Structure formats: C-alpha cells, structure tokens
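Undergrad:
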Amino acid sequence: MTLIATLLQDADTAVLRGDIESAGRLYSHVREQEPDNADAWNGMGAVHFERGELEESLTSFEKAKSLAGTAAAKEFPANKPILRALRGIGLNCY
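My numbering puts the sequence shown at residues 253 to 346.
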C-alpha cells in the first residue's frame, strides 16, 4: 500500500470514528502531496459538511467531481470517486 493510500485509509477511519479534525488534517496532507486526488477532495467535502461549512463542502465535492470526471467516462459505474462526489453534492443541495 502506498503512503497516499495509507493516509486516505487513516482519514476515512478517522471520519468513521467521528474524529473530524484528524480526518481534515490527513485529507489536507494528501491534497498537498497530490492536488488532483479526487478521494482527498471528497474527504474534505465530507469534513466541511460535518462542520456545517456547506459552501466549502460543495466546492470540495465539485472539485472531486471535476477531477474524477475524466476517469468516469472510462470506468462508470465503477468509478467510486465520482459517485462519492455526486452523493456529496446531492447532500449539500438537500
């Protein structure tokens, strides 16, 4: 498993534990290393959503959708980052 994959897994685990601050730090670190990582943008969307920062959440999910969009055309419906982004956008709109 790569370092980025490990960081994303740790961040996802932190979200499930309710440790939103740790998750935010981990997702931010991944975005610094790989700015085009759709999973990190989706994660930050979830972090912002949990904090009630809906504008930032929507912006993060839109960025994830944009980054994952190219891959989605080739892999849909198996492209999980775009499905997560669309779900996050839907939650924000709701």
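For every residue, glycine included, the Cβ atom is placed at its ideal position computed from N, Cα and C.
Treat the numbers as computed from the prediction; the structure is a model and nothing was measured.
Can you tell me whether Glu308 is helix, strand or coil according to DSSP?
TA: On the sequence shown, position 56 is the one that residue 308 refers to. It is helical.
Undergrad: Is the distance from the Cβ of Asn289 to the Cβ of Arg336 below 7 Å?
TA: Here residue 289 is taken as the residue at index 37 of the sequence shown, counted from 1. Here residue 336 is taken as the residue at index 84 of the sequence shown, counted from 1. No, the pair does not count as a contact, with Cβ atoms beyond the cut-off.
Undergrad: Which residues in the same chain as Ala266 place their Cβ atom closer than 7 Å to its Cβ, once the five residues preceding and following it in sequence are excluded?
TA: Residue 266 sits at position 14 when you count from the first residue of the sequence shown. The answer, listed in chain order, is Ser274, Ala275 and Leu278.
Undergrad: Please report the straight-line C-alpha distance between Gly304 and Arg339, rounded to a whole angstrom.
TA: Counting from 1 along the sequence shown, the entry for residue 304 is found at position 52. Counting from 1 along the sequence shown, the entry for residue 339 is found at position 87. Rounded to whole angstroms, Gly304 to Arg339 spans 16 Å at the Cα level.
Undergrad: Just to confirm, does Gly321 get its C-beta within under 6 Å of one of the non-hydrogen atoms of the ligand NAP?
TA: You won't find the ligand NAP in this model; it holds no ligand whatsoever.
Undergrad: I'd like the list of long-range same chain contacts for Glu314, defined as Cβ closer than 8 Å, with 5 residues on each side in sequence excluded.
TA: Taking the first residue of the sequence shown as 1, we reach residue 314 at position 62. Within the same chain, Glu314 has close Cβ partners Ala337 and Ile341.
Undergrad: Can you tell me which of the three DSSP states Glu286 falls into?
TA: Counted from its first residue, the sequence shown places residue 286 at position 34. Coil.
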